[in-house]
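Let me begin by presenting the structure, written as structure tokens, before commenting on it.
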Amino acid sequence: PHTFTNLQSHLIVHSDSRPFTCSTCAKSFKTKQCLRSHQVVHKRPFSCDVCGKTFIVNQALKLHKLQHTGEKPHACEHCGKAFRVRANYSKHLLIHTGEKPYDCDTCGKCFSNTGNLNRHQRIHTGEKPFSCETCGRSFNQGNSLKAHQQIHTGEKQFMCDKCGKSFSYLRNLKDHKCFYV
Numbered sequence: 093p094h095t096f097t098n099l100q101s102h103l104i105v106h107s108d109s110r111p112f113t114c115s116t117c118a119k120s121f122k123t124k125q126c127l128r129s130h131q132v133v134h135k136r137p138f139s140c141d142v143c144g145k146t147f148i149v150n151q152a153l154k155l156h157k158l159q160h161t162g163e164k165p166h167a168c169e170h171c172g173k174a175f176r177v178r179a180n181y182s183k184h185l186l187i188h189t190g191e192k193p194y195d196c197d198t199c200g201k202c203f204s205n206t207g208n209l210n211r212h213q214r215i216h217t218g219e220k221p222f223s224c225e226t227c228g229r230s231f232n233q234g235n236s237l238k239a240h241q242q243i244h245t246g247e248k249q250f251m252c253d254k255c256g257k258s259f260s261y262l263r264n265l266k267d268h269k270c271f272y273v
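Numbered per my numbering, the sequence shown spans residues 93 to 273.
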């Protein structure tokens with residue numbers, strides 16, 4: 093049965109009116125139900141018993157707890173690499189199938205995931221979003237910045253297993269190993 097009250101409730105959807113306001117953050121909503129759903133964000137009822145971090149939904153807590161246990165329940169049957177998150181496992185499988193559904197509009201090069209495509213496209217755009225706080229030099233990839241920062245810290249994480257000499261960059265270690273061949 094369609095009542096006048098139901099009609100009034102439905103008409104709210106089409107209006108710009110947002111009469112229900114959250115007392116915590118002042119965000120406003122069209123319906124009381126939308127407000128109630130939103131307020132869960134502030135309560136975060138699910139808490140990690142290891143580190144105390146809180147979550148809005150229990151599924152997010154379960155996924156978080158895997159970080160503490162080190163458990164990675166999604167293992168690749170081809171190479172054995174394991175993942176905490178099923179979506180990351182699914183992306184990984186494309187490596188084995190050879191499928192590369194994401195192509196660069198500029199040069200046509202294909203990639204198995206959007207992250208690699210986005211990283212590649214910085215070559216064309218010249219974008220360098222990763223900046224060194226010490227010297228201001230910018231890089232198009234986060235791992236390039238991380239390697240660069242070792243110049244300032246003196247850290248050399250790549251060690252030759254033959255002679256023990258350490259290098260800041262993996263490519264320098266690889267060049268060094270060529271002398272042993």
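Glycine residues also receive a C-beta, built at the ideal position from the N, C-alpha and C atoms.
Would residue i and residue j be called neighbours here (beta carbons separated by less than 9 Å)?
i, j, result
"residue 194", "residue 208", "yes"
"residue 106", "residue 117", "no"
"residue 258", "residue 271", "no"
"residue 183", "residue 204", "yes"
"residue 119", "residue 130", "yes"
"residue 233", "residue 263", "no"
"residue 237", "residue 255", "no"
"residue 166", "residue 188", "no"
"residue 127", "residue 146", "no"
"residue 242", "residue 230", "no"
"residue 139", "residue 155", "no"
"residue 186", "residue 168", "no"
"residue 216", "residue 196", "yes"
Between the Cα of residue i and the Cα atoms of the options, which residue gives the shortest distance?
i, options, result
"residue 269", "261, 258, 260 and 252", "252"
"residue 149", "265, 185, 132 and 165", "132"
"residue 125", "111, 137 and 152", "111"
"residue 198", "187, 212 and 109", "212"
"residue 164", "175, 104, 170 and 157", "175"
"residue 158", "173, 177 and 144", "177"
"residue 160", "99, 141 and 151", "141"
"residue 222", "206, 240 and 216", "240"
Just list the residues that DSSP pairs residue i with in beta bridges.
i, result
"residue 113", "120"
"residue 174", "167"
"residue 146", "139"
"residue 261", "None, per the DSSP bridge assignment."
"residue 202", "195"
"residue 223", "230"
"residue 250", "259"
The alpha helix (DSSP H) that contains residue i, what's its start and end?
i, result
"residue 159", "150 to 161"
"residue 235", "234 to 245"
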